[in-house]
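Remarks on the structure that follows.
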Amino acid sequence: MPQDGELLLTTAKLFCGALTVAVTGPVLEEIARLALTETQFAALRYILLHDMPAPTELADGLGISSAAVTRLADRLERKGLLIRQPDPEDRRTLRLVLTEEGRRIVEQVIEGEQARFDDVIKRLPPSLRDAFETGIKAFLDACLTSPDEIERICLRCGWVHNPGCPGSIAYQRLTGKPMERY
């Protein structure tokens with residue numbers, strides 16, 4: 404007979420699996436249907452959320468090398484999803500900008516992901532929705548015990564950053580200052 408901790412771990416793993424099946428899996432299928440890799444989509448999303456980043460900013464945000472960003476940008480440019488343009492203030496620097504099609508794809512995938520999540524959450528009674536949110540935030544608070552851990556899981560949400568983000572709150576609690584990079 405499993406101990407309470409074992410059952411809780413099993414339940415947490417089932418939750419992660421259910422989230423993958425109901426929300427994340429369909430997102431990955433949509434990305435593949437659009438003939439994009441996960442890394443290509445992550446780059447497009449980062450560019451959308453960070454307003455014309457330089458290639459070095461994209462490399463930092465995705466945790467990949469500058470050479471990998473060059474190849475990635477080449478592929479996305481060939482697909483007609485991004486363009487590289489000179490920085491208006493420093494013509495030695497390039498900026499990455501989504502095309503209309505690139506922007507449309509990212510917004511479509513993000514909206515679909517949110518809609519799938521909302522469909523699941525709506526099945527919960529309001530009191531359980533609140534309890535779910537409280538429990539998830541408490542779990543994150545217990546997990547996020549160092550700025551490095553927060554950096555590793557940060558979603559790099561850029562200009563849509565919500566100051567109420569549990570990662571941001573934990574970072575400020577641990578360091579005494581707001582997160583500078585997202």
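Here the numbering used here is used: the first residue of the sequence shown is 404, the next is one more, and so on. All C-beta atoms in this analysis are idealised placements derived from N, C-alpha and C, irrespective of residue type, glycine included.
1. Just to confirm my understanding: we take Gly561, look at its own chain, exclude 5 residues before and 5 after, and list those with CB closer than 6 angstroms. What are they?
2. Within the region 505 to 548, note down every full alpha helix (DSSP H) run reaching 4 residues or more, in order along the chain.
3. Report the residue from Leu558, Phe542, Leu422 and Arg532 whose alpha carbon sits nearest the alpha carbon of Ile450.
4. Measure how close the beta-carbons of Val500 and Met455 come, nearest whole angstrom, since I'm counting them as under 8 angstroms.
5. Mapping DSSP to helix, strand and coil, what is Pro566?
6. What residue range does the alpha helix (DSSP H) around Arg495 cover?
7. Any idea what DSSP makes of Arg559, helix, strand or coil?
8. Is Gln406 helix, strand or coil by DSSP?
9. Determine contact between the region 487 to 505 and the region 522 to 534, defined as no fewer than three beta-carbon pairs at a distance below 8 angstroms.
10. Going by C-alpha to C-alpha distance, which of Thr423, Ser469 and Leu412 sits closest to Phe520?
11. For the beta strand (DSSP E) that contains Ile486, what are its first and last residues?
12. Alpha carbon to alpha carbon, how far is Thr442 from Gly483?
13. Kindly indicate which three-state DSSP category Ile467 falls into: helix, strand or coil?
14. Considering only the beta carbon of each residue, do Pro550 and Leu577 sit closer than 8 angstroms?
15. Between which two residues does the alpha helix (DSSP H) holding Thr588 run?
16. In terms of residues, what are the limits of the alpha helix (DSSP H) holding Pro586?
17. Write down the C-beta distance between Ala446 and Leu497 rounded to the nearest angstrom, noting that I regard them as a contact closer than 8 angstroms.
18. Quick check on Thr459: does DSSP put it in helix, strand or coil?
19. Give me the Cα-Cα distance between Arg495 and Ser468, rounded to the nearest whole angstrom.
Let me spell this out:
1. As a first step, residue 561 is located in the sequence shown; it is residue number 158 there, counting from the start. Closer than 6 angstroms at Cβ, skipping near neighbours: Leu452 and His453.
2. 529 to 546
3. As a working note, residue 450 is residue 47 in the sequence shown. If we check each option's Cα against that of Ile450, Leu558 comes out closest.
4. The sequence position of residue 500 within the sequence shown is 97, counting from 1. The sequence position of residue 455 within the sequence shown is 52, counting from 1. Contact holds; Cβ gap of about 5 angstroms.
5. Working through the sequence shown from its first residue, we reach residue 566 at position 163. Reduced to three states, the DSSP call for Pro566 is coil.
6. Along the sequence shown, read from residue 1 onward, the residue named residue 495 stands at position 92. Element bounds for Arg495: n/a, residue is neither H nor E.
7. The sequence position of residue 559 within the sequence shown is 156, counting from 1. Reduced to three states, the DSSP call for Arg559 is coil.
8. Position 3 of the sequence shown, counted from the start, is the residue given in the question as residue 406. Note: Gln406 maps to coil in three-state DSSP.
9. no
10. In the sequence shown, counting from the first residue as 1, residue 520 sits at position 117. Residue Thr423 is the option with its Cα nearest to Phe520.
11. Here residue 486 is taken as the residue at index 83 of the sequence shown, counted from 1. Unbroken beta strand (DSSP E) run through Ile486: Leu485 to Pro489.
12. Locating residue 442 in the sequence shown gives position 39, counting from the first residue. Locating residue 483 in the sequence shown gives position 80, counting from the first residue. So the alpha carbons of these two residues sit roughly 16 angstroms apart.
13. As a working note, residue 467 is residue 64 in the sequence shown. It is coil, neither helix nor strand.
14. What you label residue 550 is simply residue 147 of the sequence shown in a count that begins at 1. What you label residue 577 is simply residue 174 of the sequence shown in a count that begins at 1. Their beta carbons are under 8 angstroms apart, which means Pro550 touches Leu577 by this criterion.
15. Within the shown structure, residues of the chain are numbered from 404 to 585, placing residue 588 beyond reach of any answer.
16. Since the first residue shown for the chain is 404 and the last is 585, residue 586 is missing from the structure and cannot be characterised.
17. For the purposes of this step, residue 446 is taken as residue 43 along the sequence shown, with counting starting at 1. For the purposes of this step, residue 497 is taken as residue 94 along the sequence shown, with counting starting at 1. Incorrect: roughly 14 angstroms between the Cβ atoms, too far for contact.
18. The count along the sequence shown starts at 1 and reaches residue 459 at position 56. Correct three-state label for Thr459: helix.
19. As a first step, residue 495 must be located in the sequence shown, where it is residue number 92. As a first step, residue 468 must be located in the sequence shown, where it is residue number 65. Their Cα atoms are separated by approximately 20 angstroms.
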